[in-house]
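Heads up, the thing below is written out as structure tokens.
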Amino acid sequence: PKLINMKIGIVCYPTFGGSGVVATELGKALAKEGHQVHFITYRQPTRLDFFSANLFYHEVDIKSYPLFEHAPYELALASKMVNVAKYEQLDLLHVHYAIPHASAAYMAKQILKEEGIYIPVVTTLHGTDITLVGKDPSYEPVVTFSINQSDGVTAVSEDLKRATFELFDIKTEIEVIPNFIDLDRFKKQKKEHFKLAICPNGEKLLVHTSNFRKVKRVEDVIKVFFEIRKTLPVKLLLVGDGPERDKMERLCRELGTCDDTRFLGKLEAVEEVLSVADLFLMPSEKESFGLAALEAMACEVPVLSSNAGGIPELNIDGVTGYACEIGNIEEMTKRALEILDDANLPRFKANALARAKELDVSNILPQYEEFYRKTIEKS
Ligand code: GMT
70 PKLINMKIGI VCYPTFGGSG VVATELGKAL AKEGHQVHFI TYRQPTRLDF FSANLFYHEV
130 DIKSYPLFEH APYELALASK MVNVAKYEQL DLLHVHYAIP HASAAYMAKQ ILKEEGIYIP
190 VVTTLHGTDI TLVGKDPSYE PVVTFSINQS DGVTAVSEDL KRATFELFDI KTEIEVIPNF
250 IDLDRFKKQK KEHFKLAICP NGEKLLVHTS NFRKVKRVED VIKVFFEIRK TLPVKLLLVG
310 DGPERDKMER LCRELGTCDD TRFLGKLEAV EEVLSVADLF LMPSEKESFG LAALEAMACE
370 VPVLSSNAGG IPELNIDGVT GYACEIGNIE EMTKRALEIL DDANLPRFKA NALARAKELD
430 VSNILPQYEE FYRKTIEKS
């Protein structure tokens, strides 16, 4: 039976990061289904730049005082959650990223309880909130407590679920609901002119997109590219920006690959670049899911990745690409050449698209709706 429409508050980081993208796309998809969605963040989420009758945005106001060295964002957020939940009569709060969203939600819930209002909280764990930041001793007690106090907890991969149980004393169930993709937006587009401009002599095109943090191991992208280039004419596009970018530009100069490499910086329409790519590289040290690789697969691009975290659940080794040992440049180069071989490439491309279709938003959205319904019912 069709679920009755719900009023859902979504709390997330409004940035380019994967957790913010998933939260925003989820809200948009829920709104399309007829649910009313209220985003609560400190800035308009990157992909929420249009009007929809079912979408609302509530900005968290962070007041600064000379006394505060750090303005207490978590308190301003909790207060905003209380007001939105009360006045918009929300059925559920869905917070993305444990820190500080899950603990702020706990506080909001307690305040509302005093007023006789009960609001269930769903927390979605995205990865770095667990594997990098959350396990830090300065946050661990609060992360453990707020996960245990959530009415429902989801993780974006089996591996992240396992890591959460391993790193924290968790007493609650965790349901795995993977990242998803909107195939209406992410699909191979005809951009031959673009390909011709970058690869004028029919070179194969390699693409990497990330926030250029250390965990992404962008240096492995450049090293693998350097090795492939010895046997195959190739070009490399690097999309995104972040702390490692300067170092990566220097590495290109040292290896002499600058002429065949372009750093494009942050791009909104990444699907246009992916539309002309032959191989996507994701050699991450840690990766709970790998949304950027899914975006590539939706555009029919096979993936050469590491086997970190949840990546192998997405990138099926030998089928949609290869998931190699972290940092093993030799193996990655060998596998990349195998994928790029014209005898194999069409098969890998087709498999990548088929895997992306399994993770289309139309297949994953009902899992969230069902999870909300279960959580509301049991609370
Ligand atoms: O990868 C990042 O640095 C961004 C990060 C985030 O927290 O926003 O992404 C995480 O969440 C994404 C959405 O669930 C996942 O697809 C990414 O794999 C995950 N990143 C890591 O685990 C490093």
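Residue numbering for the sequence shown follows our numbering, starting at 70 and increasing by one per position. Positions of the beta carbon are idealized from the N, C-alpha and C atoms, including for glycine.
Per DSSP, which one or two residues make a beta bridge with S375? For this step, residue 375 is matched to residue 306 along the sequence shown. DSSP output for S375 lists C393 as bridge partner(s).
Which residues does DSSP list as the beta-bridge partners of D386? Indexing the sequence shown from 1 puts residue 386 at position 317. Answer by DSSP bridge pairing, in chain order: G390.
Suppose you measure from the CA of S375 to the CA of A98; what does that come to, to the nearest Å? Numbered from its first residue, the sequence shown carries residue 375 at position 306. Numbered from its first residue, the sequence shown carries residue 98 at position 29. The straight-line gap from Cα to Cα measures roughly 30 angstroms.
For I216, which of helix, strand or coil comes out of DSSP? Indexing the sequence shown from 1 puts residue 216 at position 147. Three-state DSSP puts I216 in a helix.
Within a Cβ cutoff of 6 angstroms, which residues of the same chain sit near L124, ignoring the five residues on either side of it in sequence? As a first step, residue 124 must be located in the sequence shown, where it is residue number 55. These residues qualify, in order along the chain: A100, V106.
Does the distance from the CB of V293 to the CB of T402 come in under 8 angstroms? Along the sequence shown, one-based indexing puts residue 293 at 224. Along the sequence shown, one-based indexing puts residue 402 at 333. Yes, they are a contact pair.
So, are the CB atoms of S344 and K260 less than 8 angstroms apart? As a first step, residue 344 is located in the sequence shown; it is residue number 275 there, counting from the start. As a first step, residue 260 is located in the sequence shown; it is residue number 191 there, counting from the start. In this structure, K260 lies closer than 8 angstroms to S344 by Cβ.
When we look at the beta-carbon of I79 and count the other beta-carbons within 10 Å, is it buried (16 or more) or exposed? Here residue 79 refers to the residue found at position 10 when the sequence shown is read from its first residue. Answer is buried; the Cβ neighbour count reaches 16.
Please classify I291: is it buried, with 16 or more other beta-carbons within 10 angstroms of its beta-carbon, or exposed? As a working mapping, residue 291 is identified with position 222 in the sequence shown. I291 should be labelled buried.
Out of curiosity, what's the CA-to-CA distance linking K71 and L95? In the sequence shown, the residue the question calls residue 71 occupies position 2. In the sequence shown, the residue the question calls residue 95 occupies position 26. Here K71 scores only 49 on pLDDT, less than 50, and its place in the model is too uncertain to base an answer on.
Between the segment 311 to 325 and the segment 235 to 244, do three or more beta carbon pairs fall short of 8 angstroms? No, the segment 311 to 325 does not touch the segment 235 to 244.
Within 10 angstroms of the Cβ of N432, are there 16 or more other Cβ atoms? Answer buried if so, exposed if not. Numbered from 1 along the sequence shown, position 363 holds the residue referred to as residue 432. Around the Cβ of N432, a 10 Å sphere holds fewer than 16 other Cβ atoms; the residue is exposed.
Would you say the beta carbon of Y437 is closer than 7 angstroms to some non-hydrogen atom of the ligand GMT? On the sequence shown, position 368 is the one that residue 437 refers to. Y437 Cβ: outside cutoff for every heavy atom of the ligand GMT.
Identify whether F294 lies in helix, strand or coil by the three-state DSSP scheme. In the sequence shown, counting from the first residue as 1, residue 294 sits at position 225. In this structure, F294 counts as helix in the three-state DSSP scheme.
Measuring alpha carbon to alpha carbon, tell me which residue in A365, A405, G396, E364 is nearest P352. The count along the sequence shown starts at 1 and reaches residue 352 at position 283. In this structure, G396 is the residue among A365, A405, G396, E364 with its C-alpha nearest to the C-alpha of P352.
Does DSSP put I180 in a helix, a strand or coil? On the sequence shown, residue 180 is found 111 positions in, with the first residue counted as 1. In the three-state DSSP reduction, I180 falls in the helix class (H, G or I).
Under the criterion of a Cβ to heavy atom distance below 7 angstroms, does R416 qualify as lining the ligand GMT? Looking up residue 416 in the sequence shown gives position 347. Relative to the ligand GMT, even the nearest heavy atom lies 7 angstroms or more away from the CB of R416.
Within 10 Å of its beta-carbon, does K132 have 16 or more other beta-carbons around it, so buried, or fewer, so exposed? Sequence index remark: in the sequence shown, residue 132 carries index 63 (1-based). Around the Cβ of K132, a 10 Å sphere holds fewer than 16 other Cβ atoms; the residue is exposed.
Measure the beta-carbon distance from F417 to L383 and round it to whole angstroms, keeping in mind my assumption that it falls under 8 angstroms. Translated into positions along the sequence shown, residue 417 becomes position 348. Translated into positions along the sequence shown, residue 383 becomes position 314. In this structure F417 does not touch L383 by the C-beta definition: roughly 14 angstroms separates them, more than the 8 angstroms allowed.
Is K71 helix, strand or coil when you go by DSSP? On the sequence shown, residue 71 is found 2 positions in, with the first residue counted as 1. Low confidence applies to K71: its pLDDT is 49, below 50, so where it sits in the model is not reliable enough to give any reading.
Is the closest heavy atom of the ligand GMT to the C-beta of R282 under 7 angstroms? Numbered from 1 along the sequence shown, position 213 holds the residue referred to as residue 282. The answer is yes for R282.
So what does L348 bridge to, in DSSP terms? Taking the first residue of the sequence shown as 1, we reach residue 348 at position 279. Bridge partners of L348: L275.
List the endpoints of the continuous alpha helix (DSSP H) containing L426. Locating residue 426 in the sequence shown gives position 357, counting from the first residue. Leu is not the amino acid found at residue 426; the sequence shown has Lys there. In the DSSP annotation of this structure, the continuous segment of the alpha helix (DSSP H) that includes K426 starts and ends at 414 to 427.
Those residues which DSSP pairs with L162 across a bridge: As a working mapping, residue 162 is identified with position 93 in the sequence shown. DSSP output for L162 lists G78, V190 as bridge partner(s).
Any heavy atom of the ligand GMT closer than 7 angstroms to the CB of Y111? Reading the sequence shown from its first residue, position 42 is the one you call residue 111. Not under cutoff, so the answer is no.
Simplified DSSP state of T330, which is helix, strand or coil: In the sequence shown, residue 330 corresponds to position 261, counting from 1. Reduced to three states, the DSSP call for T330 is strand.
Just curious, the alpha helix (DSSP H) that L306 is in, first and last residue? Counting from 1 along the sequence shown, the entry for residue 306 is found at position 237. Looking at the DSSP string, L306 is not in any alpha helix (DSSP H); the run it does join, the beta strand (DSSP E), is 303 to 308.
Cβ-based burial, D347 [other Cβ within 10 Å; buried from 16]: Here residue 347 refers to the residue found at position 278 when the sequence shown is read from its first residue. Buried is the call here.
Residue interval of the alpha helix (DSSP H) (run including F263): For this step, residue 263 is matched to residue 194 along the sequence shown. Segment 261 to 267, the alpha helix (DSSP H) holding F263.
Using the C-alpha atoms, what's the distance from G271 back to L456? The question about residue 456 has no answer, for the chain in this structure spans 70 to 448.
Could you spell out where the alpha helix (DSSP H) holding I250 opens and where it closes? Stepping through the sequence shown from its first residue, residue 250 is reached at position 181. Looking at the DSSP string, I250 is not in any alpha helix (DSSP H), and its letter there is neither H nor E.
Paired residues, beta bridge with V129 - DSSP: Locating residue 129 in the sequence shown gives position 60, counting from the first residue. For V129, DSSP assigns no beta-bridge partner whatsoever.
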